[in-house]
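What follows is a single structure, written as structure tokens, with notes after it.
Number of protein chains: 2
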Amino acid sequence: MKDAMTPATTIERLPIYYRCLQKLDRMDVDVISSKDLGERIGIPSTQVRKDLSYYGEFGRRGVGYEVPVLLKHLRKILGLAQEWEIVLVGAGDLGHALSKYGGFKKLGLNINHVLDVDSDKVGSKLGDVEIQHIDELVDVVKENNVDIGIIAAPGDYAQEIADELVGAGVKAIWNFAPARIKLPPEIELRNEDLSIGLISLAYHLSRK
Amino acid sequence: MKDAMTPATTIERLPIYYRCLQKLDRMDVDVISSKDLGERIGIPSTQVRKDLSYYGEFGRRGVGYEVPVLLKHLRKILGLAQEWEIVLVGAGDLGHALSKYGGFKKLGLNINHVLDVDSDKVGSKLGDVEIQHIDELVDVVKENNVDIGIIAAPGDYAQEIADELVGAGVKAIWNFAPARIKLPPEIELRNEDLSIGLISLAYHLSRK
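Sequence lines, in order, name chains L and X. In terms of the UniProt record's numbering, the first sequence opens at residue 1 and continues consecutively. In terms of the UniProt record's numbering, the second sequence opens at residue 1 and continues consecutively.
Below you can see the structure in the form of structure tokens.
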């Protein structure tokens, strides 16, 4: 797989293909053309073919893609064929929203552990998961071989939490705190800056 | 301004520059080099200069950027020098998280109106804003000349809400519902798909 050559925009579209194919599969659609797939996603068929070509030859000329086959391939490509242990740090509003977010479950991704600093929240449940105290962070990560840490805590604590997660063995951090954090290069880090979306809209609107 | 030529990645970095400069300004830093600015943001100085060159000649060779001047320019470029009327549809967990999100306020962006379908929530407050019933949507948008609509509602209702917002005069939609919506091309639309971040991490981790 020519991973280093795959554009980030292609990678970001893979989950969109995946969910579209899941829907088609549920509707018992067997085959879909790149044109139809593109129309459902809102991109040209040439882009669909280019995106998927980074990962192999999945379609047949004049026929299209076999939905269950492409779905299986994408599942593997996206790393969804394996189980991930995920810890969420911060059971505030955003933590609640993330743990209830329907989009993750549809993809087979589950938040397995939730930590919070507030002792009053400890023991109560967020979905199916019992909230544990943040002092348990290192134990939770080590005992469960947690792969991914989601930080939904105030910005002032983000770096400290990230350092603790990484020190305990977490290999990827998804940071929602409005603060940029720094981590060793071998750790996958994604800063999810919610304000960017809103500013981007303001930016484009102010140009009209 | 060469807007059509500006890469999306440059536009997405502008708010990051802006917040970094706000911080420097509060620290009474008068001048910053592209190297120092890049280091704070985590990108090379050449990229800083390239990004800002799309909007004008702000720096002085061998000196750097005057922080208050660049801040003022960026504020205008980002559309933050004007007031935006913003309505949030959906006062669930995500709605709560968005309306409390510190990052917006720091940028001078405020959610002015909140709507929800649940009559029990109507009249209670989300921050400083009283929740109104979703039946008031058209009136709220028209009476207040609302510019931007944020959808934090279940996916099944997203398209309907978006259509109502646009019909009432909203010019930009920020959609958090896990469903892709379609709108006329003149409307700015941003689908914020939260699962993409998590899948992107799984994707990269599965390659290690």
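By construction, the Cβ of each residue, glycine as well, lies at the ideal position given by its N, Cα and C atoms. These figures come from a predicted structure and were not determined experimentally.
Item	Value
Sub-8 Å separation of L:S99 and L:G123 beta-carbons	no
C-alpha distance - L:K106 paired with X:G169, whole-angstrom precision	33 Å
Residues of its chain near L:C20, where Cβ-Cβ distance is below 8 Å and the 5 sequence neighbours each way are ignored	L37, R40 and I41
Collapsed DSSP secondary structure at residue 226 of chain X in the structure displayed	Limits of chain X in this structure are 1 at one end and 208 at the other, which puts residue 226 of chain X out of reach.
Rounded separation between X:Q22 and L:V67 - CA only	50 Å
Interface residues of chain L facing X:R190 [CB-CB closer than 7 Å]	G197, S200 and L201
Option nearest L:L78 by Cα separation, candidates L:L198, L:G108 and L:K50	L:G108
Element boundaries [alpha helix (DSSP H), containing X:N175]	Not the alpha helix (DSSP H): X:N175 falls in the beta strand (DSSP E), residues A172 to N175.
Residues of its chain near L:S119, where Cβ-Cβ distance is below 7 Å and the 5 sequence neighbours each way are ignored	H133
Alpha-carbon spacing of L:I196 relative to L:F176, whole angstroms	12 Å
Interface partners of L:Q82 on chain X, CB under 7 Å	S206
Boundaries of the alpha helix (DSSP H) in which X:L98 is found, first to last residue	D93 to K100
Contact set between X:H113 and chain L, taken where Cβ atoms lie within less than 8 Å	The premise fails here: X:H113 is roughly 15 Å from chain L at the closest Cβ pair, so nothing lies under 8 Å.
L:D36: contacting residues in chain X (beta-carbon distance under 8 Å)	The premise fails here: L:D36 is roughly 15 Å from chain X at the closest Cβ pair, so nothing lies under 8 Å.
Against chain L: residues of the stretch 98 to 131 of chain X by CB proximity under 8 Å	L98, K100, Y101, G102, G103, F104, K106, L107 and L109
Sequence-distant residues of its chain with Cβ nearer than 7 Å to X:K2 (five each side left out)	Unreliable positioning characterises X:K2 in this predicted model, as indicated by a pLDDT of 44, which lies under 50. A coordinate reading is not provided.
Three or more C-beta pairs below 8 Å linking the stretch 60 to 76 of chain X and the stretch 147 to 166 of chain L	no
Sequence-distant residues of its chain with Cβ nearer than 6 Å to L:V146 (five each side left out)	E85, V87 and V170
Three-state class that DSSP yields for L:K121 in the structure shown	coil
Contact list for X:K50 against chain L, beta-carbon separation under 7 Å	Going along chain L, no residue has its Cβ under 7 Å from X:K50, so there is no contact; the nearest lies around 18 Å.
Beta carbon of L:F104 nearer than 8 Å to that of X:L198	yes
Neighbouring residues, chain B, relative to X:L194 (Cβ below 9 Å)	The displayed structure is made up of protein chains L and X, and chain B is not among them.
Span separating the alpha-carbon of X:R61 from that of X:T46	13 Å
Residue(s) in a DSSP beta bridge with L:V166	Answer by DSSP bridge pairing: none, since L:V166 is not bridged.
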